[in-house]
Amino acid sequence: MQLEFYGAADRVTGSCHIVHINGRRVLFDCGFIQGNRAAQALNFEPFPFDLNKVDAVVLSHAHLDHSGRLPLLVRRGYKGPIYAQNATCDMVEVLLEDAAHIQEEDARNANRWRKRNNKPLVEPLYGVNDIKAVFKQMVGARYREKIKILPGVKIRFRDAGHIMGSSSVEIWLKESDLKRKIVFSGDLGQYDSPILNDPENLKRADLILMESTYGNRNHRSRDETIEEIGEVIKQADKDKGNVIIPAFAIGRSQDLLYILGSHFKQWQLDKWQIYLNSPMAIEATQVYWNYPHLYDSEATRLRKDVDTMPRISNLHMTKSAAQSKAINKVHHHAIILAASGMMTAGRILHHLKQNISRPECHLIVAGYQGRGTLGRQIVEGADTIKIHNKEYAVKAQIHTVGGLSAHGDQADLLRWLSDYHTKPHVCIIHGEQKAREGLSEKIKAQLGFDTTFGKIGNRIDLANIGGQA
Ligand SMILES: [Zn+2]
Numbered sequence: 174m175q176l177e178f179y180g181a182a183d184r185v186t187g188s189c190h191i192v193h194i195n196g197r198r199v200l201f202d203c204g205f206i207q208g209n210r211a212a213q214a215l216n217f218e219p220f221p222f223d224l225n226k227v228d229a230v231v232l233s234h235a236h237l238d239h240s241g242r243l244p245l246l247v248r249r250g251y252k253g254p255i256y257a258q259n260a261t262c263d264m265v266e267v268l269l270e271d272a273a274h275i276q277e278e279d280a281r282n283a284n285r286w287r288k289r290n291n292k293p294l295v296e297p298l299y300g301v302n303d304i305k306a307v308f309k310q311m312v313g314a315r316y317r318e319k320i321k322i323l324p325g326v327k328i329r330f331r332d333a334g335h336i337m338g339s340s341s342v343e344i345w346l347k348e349s350d351l352k353r354k355i356v357f358s359g360d361l362g363q364y365d366s367p368i369l370n371d372p373e374n375l376k377r378a379d380l381i382l383m384e385s386t387y388g389n390r391n392h393r394s395r396d397e398t399i400e401e402i403g404e405v406i407k408q409a410d411k412d413k414g415n416v417i418i419p420a421f422a423i424g425r426s427q428d429l430l431y432i433l434g435s436h437f438k439q440w441q442l443d444k445w446q447i448y449l450n451s452p453m454a455i456e457a458t459q460v461y462w463n464y465p466h467l468y469d470s471e472a473t474r475l476r477k478d479v480d481t482m483p484r485i486s487n488l489h490m491t492k493s494a495a496q497s498k499a500i501n502k503v504h505h506h507a508i509i510l511a512a513s514g515m516m517t518a519g520r521i522l523h524h525l526k527q528n529i530s531r532p533e534c535h536l537i538v539a540g541y542q543g544r545g546t547l548g549r550q551i552v553e554g555a556d557t558i559k560i561h562n563k564e565y566a567v568k569a570q571i572h573t574v575g576g577l578s579a580h581g582d583q584a585d586l587l588r589w590l591s592d593y594h595t596k597p598h599v600c601i602i603h604g605e606q607k608a609r610e611g612l613s614e615k616i617k618a619q620l621g622f623d624t625t626f627g628k629i630g631n632r633i634d635l636a637n638i639g640g641q642a
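Quick note: the sequence shown, position 208, residue 381 per this note's numbering, numbers continuous.
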């Protein structure tokens, strides 16, 4: 009975872990590796494990850094079940479809340039046809439903409060007389965030696979962040520029629209045109709409009142490419929300091309920017950036706001860990090294749990850990 790491151990993307038990293998997540070109190129490599020996896949949530390589897994021969919470099954369709389109578009763009420069053409990582097979293999489950997925392996999804359908996974393992319980935290949300319930605190585990994206930091408060967004919009009004907001299509876009709607009068938003320029965000909003029983009490109350609430009359949901291109002609008083959140792909790149070199424009960065991404370069103060092989000077005003993250901060992570009745061993994954060290110190000092850092290629023998849960 062993646990092995294949990704998102010492980095934030490419989540992928395997449990070996009774001669079988269960894969937890199969995410995209995101970041700079070299990192992204790793997605094209063969999997570092034998595909034919994977017997089941369990998916914590729909974000691409957890689900993005599932189409490759299936295309290269995996035929077994992919278990996920029901809303995640719906959400993964939205995300993978978008990912497939982006892969195809990126290859087309690259090939245009390659043709002109007599370079060999490239194939997309996968296309729209590849993702249909994934949907057929998905097996949905409710939160708190205990399911047997293999001999000696039971799992249960618990609400992680991160995006709709996101889960921590409880895993019960039995091999001969050896019994162990693992908890895979998945990505954990903030407590008291809008729409979603708080992350569910769990009670028993021998070992916890613990995410640490914000392991060494606490977010600024939500109220301060909202105030800051209001200030930026006021300034952009004076400057006569646009406001660009790269947004993760799921969660953040819905939160931002909610904030704009509830400050409509105060921020004089009737002067502006607001664009949700992301077909995926529009579809994801529909999935949120379809799962009202997963809302927290405030969102449940709001949904009841939805027909009596004022509409944002100048909100444009732009689905088609033509509608999206038309926004390029708007040089001032446009608030544009577009994906991707880390500015690695998608429509946001076109808006950056149009606006990033204009000092009167403002860019609001409201989410985590992974190492090596374009977003990270911008928030770290790059003077120039490269988009689609062309250089652009960064002259727009950049504002990083921290309070809207879909990820819990250090205090949230410690709160989630504080309710255990057992003394679990905590294996820290899914974070940059500083974040992992910061969290590890706090866990040891405040909770007294042992910690280790997951490392790609390492195996943990579960016989040597715990035994009380
Ligand atoms: Zn996530």
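We treat Cβ as the ideally placed atom computed from N, Cα and C, and that holds for glycine.
Should residue i be listed as close to ligand 1, given that the test is whether its C-beta is under 6 Å from any heavy atom?
i: HIS190; result: no
i: ASP428; result: no
i: ASP350; result: no
i: HIS236; result: yes
i: ASP585; result: no
i: ASP122; result: The question about residue 122 has no answer, for the chain in this structure spans 174 to 642.
i: ASP582; result: no
i: ASP371; result: no
i: ASP360; result: yes
If I follow the unbroken alpha helix (DSSP H) through residue i, where does it start and stop?
i: GLY434; result: 425-435
i: PRO532; result: Where PRO532 is concerned, there is no enclosing alpha helix (DSSP H), given that its DSSP letter is neither H nor E.
i: SER578; result: SER578 -> no alpha helix (DSSP H), and no H or E assigned at all.
i: TRP462; result: 452-463
i: ASP303; result: 301-310
i: ILE399; result: 395-412
i: LYS288; result: 259-289
i: ARG331; result: Per DSSP, ARG331 belongs to no alpha helix (DSSP H); it is in the beta strand (DSSP E), 326-332.
i: SER470; result: 470-477
i: VAL136; result: Residue coverage of the chain in this structure runs from 174 to 642, which leaves residue 136 outside it and unanswerable.
i: ALA498; result: Here residue 498 is Lys; the residue named in the question, Ala, does not match the sequence. Here the alpha helix (DSSP H) through LYS498 covers 494-499.
i: ARG210; result: 210-214
Which residue marks the beginning of the beta strand (DSSP E) containing residue i, and which one marks its end?
i: ASP634; result: 632-634
i: LYS352; result: 351-357
i: ALA229; result: 229-231
i: HIS236; result: No beta strand (DSSP E) holds HIS236; DSSP gives it neither H nor E.
i: LEU510; result: 507-511
i: SER340; result: 340-348
i: VAL199; result: 197-201
i: LYS319; result: 319-323
i: GLN175; result: 175-180
i: GLN446; result: 446-449
i: VAL192; result: 189-194
i: VAL295; result: It is not in any beta strand (DSSP E) - VAL295 carries neither H nor E in the DSSP assignment.
So residue i packs on residue j, CB below 8 Å; how close in whole Å?
i: ASN415; j: ILE521; result: Wrong, their Cβ atoms sit about 13 Å apart, outside the cutoff.
i: LEU429; j: LEU442; result: Going by Cβ atoms, the distance from LEU429 to LEU442 rounds to 12 Å, so no, they are not a contact pair.
i: ALA367; j: TYR431; result: Note that residue 367 is Pro in the sequence shown here, rather than Ala. Yes, PRO367 and TYR431 are in contact; Cβ-Cβ is about 6 Å, under 8 Å.
i: LEU525; j: MET515; result: That belief does not hold up - the Cβ atoms of LEU525 and MET515 are roughly 12 Å apart, past 8 Å.
i: LEU369; j: GLY334; result: 5 Å
i: TYR448; j: HIS489; result: 5 Å
i: LEU298; j: ASN195; result: With a Cβ gap of about 33 Å, LEU298 and ASN195 do not count as contacting.
i: HIS190; j: PHE178; result: 6 Å
i: GLY519; j: ILE275; result: 6 Å
i: VAL356; j: ILE381; result: 5 Å
Open item on the list: If contact is defined by three or more beta carbon pairs under 8 Å, each pair taking one atom from either stretch, is the segment 573-587 in contact with the segment 358-366?
Closed with: yes
- [ ] Would you list, in sequence order, the uninterrupted beta strand (DSSP E) runs of no fewer than 3 residues that lie entirely inside the segment 606-641?
- [x] 624-626, 632-634
Open item on the list: Does the contact criterion of 3 or more C-beta pairs under 8 Å hold for the segment 249-259 versus the segment 528-543?
Closed with: These segments do not touch.
- [ ] Note down, one range per segment and in chain order, each beta strand (DSSP E) of at least 3 residues found wholly within the segment 541-602.
- [x] 557-560, 563-566, 570-573, 598-601
Open item on the list: Quick check: the segment 382-389 against the segment 602-617, are at least 3 beta-carbon pairs closer than 8 Å?
Closed with: Yes, since at least three Cβ pairs between the segment 602-617 and the segment 382-389 fall closer than 8 Å, the two stretches touch.
Open item on the list: For the structure I just gave you, are there three or more beta carbon pairs, one from the segment 455-470 and one from the segment 433-441, closer than 8 Å?
Closed with: no
TODO: Count the C-beta pairs between the segment 336-352 and the segment 561-571 that are closer than 8 Å, then say yes if the count reaches three, no if not.
DONE: No, the segment 336-352 is not in contact with the segment 561-571.
Task: Segment contact, 8 Å Cβ cut-off, at least three pairs: the segment 327-344 with the segment 541-556 - done: no
Open item on the list: Does the structure place the segment 491-510 close enough to the segment 439-459 that three or more beta carbon pairs sit under 8 Å?
Closed with: Using a C-beta cut-off of 8 Å, the segment 439-459 makes contact with the segment 491-510, since at least three inter-stretch Cβ pairs fall below that distance.
Task: Segment contact, 8 Å Cβ cut-off, at least three pairs: the segment 407-426 with the segment 626-638 - done: no
Task: Segment contact flag, the segment 225-242 with the segment 196-205, C-beta cutoff 8 Å, min 3 pairs - done: yes
- [ ] Check whether the segment 318-333 touches the segment 290-310, counting contact only when three or more Cβ pairs, one atom from each stretch, lie closer than 8 Å.
- [x] Not touching, per the Cβ criterion.
Task: Inter-stretch contact (C-beta, 8 Å, three-pair minimum) for the segment 283-299 and the segment 232-239 - done: Segments in contact, no.
Open item on the list: Taking 8 Å as the cut-off, does the segment 368-383 touch the segment 544-552 (at least 3 CB pairs, one atom from each stretch)?
Closed with: no
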